[in-house]
Every structure is written in C-alpha cells, then in structure tokens.
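**Student:** By the UniProt record's numbering, the letter at position 78 of the sequence shown is numbered 78, and the numbering carries on one by one without gaps.
Note that CB positions come from ideal geometry on N, CA and C, so glycine has one too.
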Amino acid sequence: AAARRFIASQISETPVKIWTLCTRNRIEVDTAHYKLLEAELLQEISEIEQKYSTQRKVWEESQKTCIVFESKDKDFDLSVHAHASFIDAYQNVSCQLMREVVPLKSLGKERKYLCGTKFMGDFRNRHPSVHFVLNQESVTFIGLPNHLAKAKQYVLQTGGMSLVAEQKQNKDRETPMDIDGKGSETALPTSQRSAGSRALGVNKEEDLCVICMEPIRNKQVLPKCKHEFCKPCISTAMMYKPVCPVCQTPYGVQKGNQPEGTMTFSVQKASLPGYESCGSIVINYYMKGGIQTEEHPSPGMPYASTQRTAYLPDNKEGWEVLKLLEKAFKQKLIFTVGDSRVSGLSNVITWNDIHHKTSMHGGPERYGYPDPNYLKRVKQELKNKGIE
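In structure tokens:
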C-alpha cells in the first residue's frame with residue numbers, strides 16, 4: 001500500500017496534457033513519468049527535430065516537464081507536426097511501462113543496506129529510468145522492460161538478498177500493452193526471462209490503465225481493439241484525440257470549429273514537379289468572415305474572410321487525398337481561427353494541422369512540390385483526425 005501510494009504520487013493520472021500558448025504548442029507531462037521514458041525518447045526526438053527542422057526546449061515547472069518544438073526556419077514552420085509526432089511517440093513508449101512487485105523474504109541487515117543513503121544514491125545514478133520502492137513485504141519496480149531487468153539484477157547482486165514468490169511463479173510478466181492477458185510476452189531475451197523467473201518470483205499485478213498507470217477502475221473496453229482503460233481516463237483522452245492510446249485505432253471523427261465557407265476543385269493539364277506524367281488538381285477554399293464563438297480562442301472578436309488554393313497530382317492517390325480532404329472539410333477540420341504562424345497575426349482563419357501544398361513549385365521549403373512523401377504524410381494527418 002505504501003509503495004502504491006508513493007508511485008501514485010509520482011506518476012500523474014494525466015501524463016500527457018496539451019496547452020496551446022500564443023503561436024506555439026506546449027506539451028506538459030508529469031516530470032516523474034517523463035524521466036522514466038526520457039532515455040527511450042531521445043532517438044525519437046532527434047529524428048523529429050531533423051525531419052521537421054525544429055529544435056526542442058525543455059524545462060520544469062511545479063513537478064511538470066514542459067516541451068516546446070520551435071522551427072529553425074521562420075518562413076517554413078512545421079513545428080505543429082513535430083509536436084504531433086512527439087505526442088504519438090510519447091504515448092507509444094508510455095504503453096510499454098511496467099510495474100513489478102517482488103515479494104521479499106524476511107530481511108535482516110540486507111534491509112538496512114537497501115534503505116541506506118549510499119545504495120539509494122547508487123541505484124538512482126545507475127538506473128535513472130526506474131523507480132525503486134522498498135516496503136516491509138516487497139520491492140516495487142516501475143519502468144520500461146529492458147530497464148527493469150537490469151535494475152532488478154543490480155538489486156539482487158548488490159543487495160545479496162533472496163527474493164521468493166508467495167504465489168505460483170509466472171513465466172511471463174504482464175505489461176500495460178497486453179492488459180487482456182493474451183499473448184503477453186516480456187521484451188527480455190528468453191535466457192534472461194527464464195533466469196529472472198527462477199530468481200525473481202513475480203506476483204501478477206492487476207490490470208493497469210496505461211493512461212494513469214494505476215489498476216483499472218470503472219473499466220471501459222474499446223469495441224474495435226478491445227484495449228481496456230479507466231472510464232474517466234479514456235473519456236478525457238478521446239476528447240483530445242479519438243483514437244486508442246495503445247494502438248491508434250480511430251474511434252469516431254473529430255468535429256472542428258472551422259468557419260463557414262466553400263471548397264471547390266478543378267483539373268488542369270499543368271503537371272507538378274515529381275508527377276510529370278499527369279496533370280494537377282486545383283483546390284479552392286473560400287472562407288467567410290464572422291464573429292468568434294465559444295469554440296474559438298477569443299469569443300466575440302471578429303475575423304476576416306480568406307481564400308486559399310492548394311494542389312494535388314491528378315492521379316489515383318491524388319484523388320484519394322481529395323476525397324479525404326472533402327470529408328475533413330465537411331467535419332470542419334481543415335481551418336480554425338487563431339494565430340497565424342506565418343504572418344504572426346491574431347484572430348485570423350488559419351490551417352488546422354492538415355498540411356496543404358499551396359504552391360506548385362519550390363519543394364517543402366515553399367509549401368510546394370516536389371515532395372515525394374507528401375501524399376502519404378497528409379493521409380496520416382487525416383487519419384489522426386479520424387478521416388480515412
């Protein structure tokens with residue numbers, strides 16, 4: 001109970017919270033939770049920075065870690081995509097977190113050593129990505145599978161203690177990703193896993209909600225993928241993004257706050273760089289001006305009308321993307337009202353995180369072609385909003 005209370009105080013019940021501040025997205029996560037994942041996220045962060053030409057800033061505020069990705073190119077800002085990619089990476093890694101409670105034999109001098117300042121300091125230095133909590137009956141570890149294995153081995157060898165199971169040994173350890181118990185398999189190599197089972201008798205934990213990392217209360221099972229969560233946790237998560245936090249299966253379609261307007265298209269013979277064998281599709285948006293509602297950042301403030309033109313190749317995949325964009329437009333997801341990252345103006349109609357090619361030429365740096373991965377990328381952006 002003491003260990004559970006400690007961990008509950010360290011791991012936020014809402015690990016990923018998104019704030020939009022002025023012209024940038026600020027990602028706020030619980031610091032204790034972030035430190036468990038930080039080492040695993042470094043490679044992902046490096047790839048995100050390189051892919052979207054951004055640089056991250058990280059700082060702590062009141063037990064929260066704040067992350068912002070800022071564009072290196074003032075004329076070509078893809079920071080919104082960097083933020084979205086980081087959130088997906090963070091959720092995917094979070095789903096791999098495990099908690100193991102290992103029963104202990106009656107300890108004498110070993111307990112005094114394990115509770116000592118020197119051991120705890122050494123453990124934190126050697127295993128910063130693992131929480132370690134000792135109480136009268138057990139040792140509790142929480143972290144990613146590969147980190148847990150090394151941490152337990154260190155405790156076993158350094159402390160010279162004996163760990164025994166109070167229940168039947170389990171060959172497999174349950175992870176948050178396998179909460180239904182089917183096909184549960186540890187990420188450790190087979191030799192390490194069998195050795196761990198012999199040395200460490202692990203009690204099977206209750207099913208954990210991967211959002212709050214606590215035993216599931218008031219269980220809700222998602223109908224398509226069958227993943228399980230606390231009902232309040234998944235309800236809050238679905239308000240932000242209607243997909244399963246574990247496998248990204250979409251549930252429903254997001255409804256946006258796009259102003260009134262029209263979307264039309266035409267076909268022209270002129271080809272786009274990279275698609276010389278076909279013509280191009282020209283999309284025209286005309287968005288009406290109006291007064292912001294409660295759904296917008298500044299209710300009661302006016303916003304002006306605007307026109308936008310975008311281009312797709314006149315081929316099979318181009319038409320597929322066009323149909324998806326039409327669906328997104330009907331769901332009011334293409335535009336929103338807020339701050340323009342390009343002009344710096346406030347209370348204007350802006351794109352709503354679905355990337356468009358507004359120029360035929362110039363490459364990605366000028367929102368144009370050639371860009372061989374654009375169609376694949378925009379389909380993923382649409383899928384993230386439930387459009388597929």
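Would you say Cys225 and Ile216 are within 7 Å of each other, going by their C-beta atoms?
**Tutor:** Cβ distance not < 7 Å, so Cys225 and Ile216 don't count as in contact.
**Student:** Assuming the contact rule is C-beta atoms closer than 8 Å, His361 and Val378 should be a hit. Round their C-beta distance to whole Å, please.
**Tutor:** Contact doesn't hold; Cβ gap of about 18 Å is too wide.
**Student:** Can you tell me where the beta strand (DSSP E) holding Gly261 begins and where it ends?
**Tutor:** Per DSSP, Gly261 belongs to the beta strand (DSSP E) from 261 to 268.
**Student:** From Ser9 to Asn218, what does the alpha carbon distance come to, in whole angstroms?
**Tutor:** Residue confidence for Ser9 is low, a pLDDT of 42 falling below 50, so the modelled location carries little weight; the figure read from the coordinates is stated next. Computed Cα separation, rounded: 20 Å.
**Student:** Use the C-beta contact count for Ser194: other C-beta atoms within 10 angstroms, 16 or more gives buried, fewer gives exposed.
**Tutor:** Residue confidence for Ser194 is low, a pLDDT of 32 falling below 50, so the modelled location carries little weight; the figure read from the coordinates is stated next. The residue is exposed, with fewer than 16 neighbouring Cβ atoms inside 10 Å.
**Student:** Under three-state DSSP, which class holds Arg124?
**Tutor:** If DSSP states are grouped into helix, strand and coil, Arg124 belongs with the helices.
**Student:** Taking only the alpha-carbon atoms, compute the straight-line gap between Met239 and Asp122 and give it to the nearest angstrom.
**Tutor:** Each residue's Cα considered, the two are about 42 Å apart.
**Student:** So does the segment 245 to 259 actually touch the segment 282 to 301, counting three or more Cβ pairs closer than 8 Å?
**Tutor:** With the cut-off at 8 Å, the segment 245 to 259 and the segment 282 to 301 touch.
**Student:** For the beta strand (DSSP E) that Ser71 lies in, which residues bound it at each end?
**Tutor:** Residues 64 to 71.
**Student:** Could you tell me the alpha carbon to alpha carbon distance between Ala89 and Ser138, rounded to whole angstroms?
**Tutor:** So the alpha carbons of these two residues sit roughly 32 Å apart.
**Student:** Check Asn284 in the structure and name its three-state DSSP category.
**Tutor:** It is a strand residue.
**Student:** Assuming Leu324 and Leu312 make a contact with CB atoms under 8 Å, what is their CB distance in whole Å?
**Tutor:** No, Leu324 and Leu312 are not in contact; Cβ-Cβ is about 11 Å, not under 8 Å.
**Student:** With a threshold of 6 Å on Cβ separation, who are the neighbours of residue 420 within its own chain once the five nearest residues in sequence on each side are excluded?
**Tutor:** No answer is possible for residue 420: the residues shown for the chain start at 1 and end at 388.
**Student:** So what does DSSP say about Thr31, is it helix, strand or coil?
**Tutor:** The answer is helix: DSSP assigns Thr31 an H, G or I state.
**Student:** Just the C-alpha distance for Ser94 and Ser271, rounded to the nearest angstrom, thanks.
**Tutor:** Whole-angstrom Cα-Cα distance: 44 Å.
**Student:** Assuming Tyr52 and His81 form a contact by the criterion Cβ under 8 Å, report the distance between their Cβ atoms to the nearest whole angstrom.
**Tutor:** The pair is a contact, with the Cβ atoms about 5 Å apart (cut-off 8 Å).
**Student:** Distance check for Gly143 and Met213, CA to CA, integer angstroms please.
**Tutor:** Going from the Cα of Met213 to the Cα of Gly143 covers about 11 Å.
**Student:** Can you have a look at Thr309 and say buried or exposed, based on whether 16 or more other CB atoms are within 10 angstroms of its CB?
**Tutor:** Looking at its Cβ environment, which holds fewer than 16 other Cβ atoms inside 10 Å, Thr309 is exposed.
**Student:** Going by C-alpha distance, which of Pro273, Tyr154, Cys209, Gln254 is nearest Ile234?
**Tutor:** The shortest Cα separation from Ile234 among Pro273, Tyr154, Cys209, Gln254 belongs to Cys209.
**Student:** Unbroken beta strand (DSSP E) runs of length 3 or more, entirely within the UniProt domain "RING-type" (209 to 248): which are they?
**Tutor:** Segments of the beta strand (DSSP E) lying fully in the UniProt domain "RING-type" (209 to 248): 219 to 221, 228 to 230.
**Student:** Under 7 Å Cβ to Cβ from Met287, same chain only, skipping five residues before and after it: list those, please.
**Tutor:** Answer for Met287: Pro259, Gly261, Ser305, Thr306, Phe335, Ile349, listed in chain order.
**Student:** Does the Cβ-Cβ distance between Ser71 and Ser62 come in under 7 Å?
**Tutor:** No; because the gap between Cβ atoms is not below 7 Å, this pair is not in contact.
**Student:** When the Cα atoms are used, what is the spatial distance from Met263 to Lys330?
**Tutor:** Roughly 9 Å between the two C-alpha positions.
**Student:** Report yes if the C-beta distance between Asp314 and Ser359 is below 7 Å; otherwise report no.
**Tutor:** Contact flag unset, no.
**Student:** If contacts are defined as beta-carbon pairs under 8 Å, then Ala84 and Asp353 qualify, I think. What distance do you get, rounded to the angstrom?
**Tutor:** Contact holds; Cβ gap of about 7 Å.
**Student:** With which residues is Phe335 paired in a DSSP beta bridge?
**Tutor:** Its beta-bridge partners are Trp351.
**Student:** Expressed to the nearest angstrom, what Euclidean distance is found between the alpha-carbon atoms of Ile291 and Gly338?
**Tutor:** Roughly 12 Å between the two C-alpha positions.
**Student:** For Phe132, list the residues DSSP reports as bridge partners.
**Tutor:** Partner(s): Phe141.
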